[in-house]
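Contents: one structure, followed by commentary.
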Amino acid sequence: MIVLALDALDLKMVERYRCKNLMQLEYGQTDITEFQLARTVVLWASFLTGKNMEAEIPVKTQWEFKLRTEQTFLKFFKTFKALDLPAFSLKQENHQKERDLLKKYFDDKASVEEYDEIVWKNHEENKKEFFKDLGKFDLVIGYFNLADAIGHLSFGIPHKMEIVYGELEALAKDVNSFREDHVLIISDHGMKAIGRYGDHTKNGFYSFNGRLRLNMPKITEFYDVLRRIAKGE
0 MIVLALDALD
10 LKMVERYRCK
20 NLMQLEYGQT
30 DITEFQLART
40 VVLWASFLTG
50 KNMEAEIPVK
60 TQWEFKLRTE
70 QTFLKFFKTF
80 KALDLPAFSL
90 KQENHQKERD
100 LLKKYFDDKA
110 SVEEYDEIVW
120 KNHEENKKEF
130 FKDLGKFDLV
140 IGYFNLADAI
150 GHLSFGIPHK
160 MEIVYGELEA
170 LAKDVNSFRE
180 DHVLIISDHG
190 MKAIGRYGDH
200 TKNGFYSFNG
210 RLRLNMPKIT
220 EFYDVLRRIA
230 KGE
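Going left to right, the sequence shown walks through residues 0 to 232 as numbering that gives the first Met the number 0 numbers them.
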């Protein structure tokens, strides 16, 4: 099984740019209105555990929060690889560089181009590792924060976001070429424009290459979906 964990992938943007490989057979929005704040680490931790983890993850130390395998649906798979996944296997150094440059941008000490450059560099690194792992494990989860990281400074700039969604559509197309039995594409939240910038919304995105017959599922519901797939139910 393959899971593409695409931070901030937004349904309206997927439809706007006609990203058919991101849509797959079944697709729609997820409902994260139960969460007070659409925090990345909280949402991915909740996806992994099947329960709302908001109260357990302090804002101040959220990026250091890390789950154990036995707390997650990963335990249902004999072999797995989770690449750069928040709350589990996040590449701390890479994301710290992004956060540092984001701060420098707002302090007028770095340009948006410098920030974008490190985001794309980290994306390409993850993409290379991800495709190297496909076919070697029962489950491969690849986390890509491109839409979120670029979107925070440029969601209101259409041509930049079209490039981002084109890249993620190409990523999904390459994944679909592997003919895996089960492919889940999921985001933690969506995004809305605030001037040139972008902020999180209370709806995420999901798609699956089969019929799950879901209707605005909560992000925590996918724990049981993956458990059933792992057990062949």
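Just so you know, even glycine gets a beta-carbon here, dropped at the ideal spot from N, CA and C.
Residue pairing by DSSP places methionine 190 opposite His199 in a beta bridge.
Bounds of the alpha helix (DSSP H) holding glutamine 95 are 91 to 105. A residue is called buried once 16 or more other Cβ atoms fall within 10 Å of its Cβ, and asparagine 144 is buried on that count. Shown here for lysine 90: same chain residues with a beta carbon closer than 7 Å to its own, the five before and five after excluded, namely Asp83 in chain order.
Phenylalanine 136 and glutamate 179 have their C-alpha atoms some 12 Å from each other. Taking a C-beta distance under 9 Å as the contact criterion, valine 13 and tyrosine 26 qualify as a contact pair. Counting the other CB atoms within 10 Å of its CB gives valine 163 a total of 16 or more, which places it among the buried residues. With a cutoff of 9 Å on beta-carbon distance, alanine 146 and leucine 5 are scored as near each other.
When beta bridges are read from the DSSP output, serine 206 appears opposite Tyr26 and Ile184.
Relative to the Cα of threonine 71, the nearest Cα in the group Lys103, Leu225, Lys230 and Ser153 belongs to Leu225. Proximity to serine 45 across Ile218, Glu232, Asp115 and Ala229 peaks at Ile218, based on C-alpha coordinates. Every beta strand (DSSP E) of 3 residues or more that sits fully in the segment 108 to 196 is shown, in chain order, as 138 to 143, 182 to 185 and 189 to 193. Taking arginine 38 as the centre and dropping the five residues before and after it, the same chain places the C-beta of Gln61 closer than 7 Å to its C-beta, in chain order. Boundaries of the beta strand (DSSP E) around valine 2: 1 to 5. At a cut-off of 3 residues, the continuous stretches assigned as beta strand (DSSP E) that sit fully inside the segment 30 to 99 are 79 to 82. Residue state for lysine 217 is assigned as strand, using DSSP reduced to three classes. A buried status is given to asparagine 125, since no fewer than 16 other beta-carbon atoms sit within 10 Å of its beta-carbon. Isoleucine 156 and phenylalanine 129 have their alpha carbons spaced roughly 28 Å apart.
Taking a 10 Å sphere around the C-beta of lysine 120, we find fewer than 16 other C-beta atoms and assign the residue as exposed. At a Cβ-Cβ threshold of 9 Å, leucine 21 and serine 176 do not count as neighbours.
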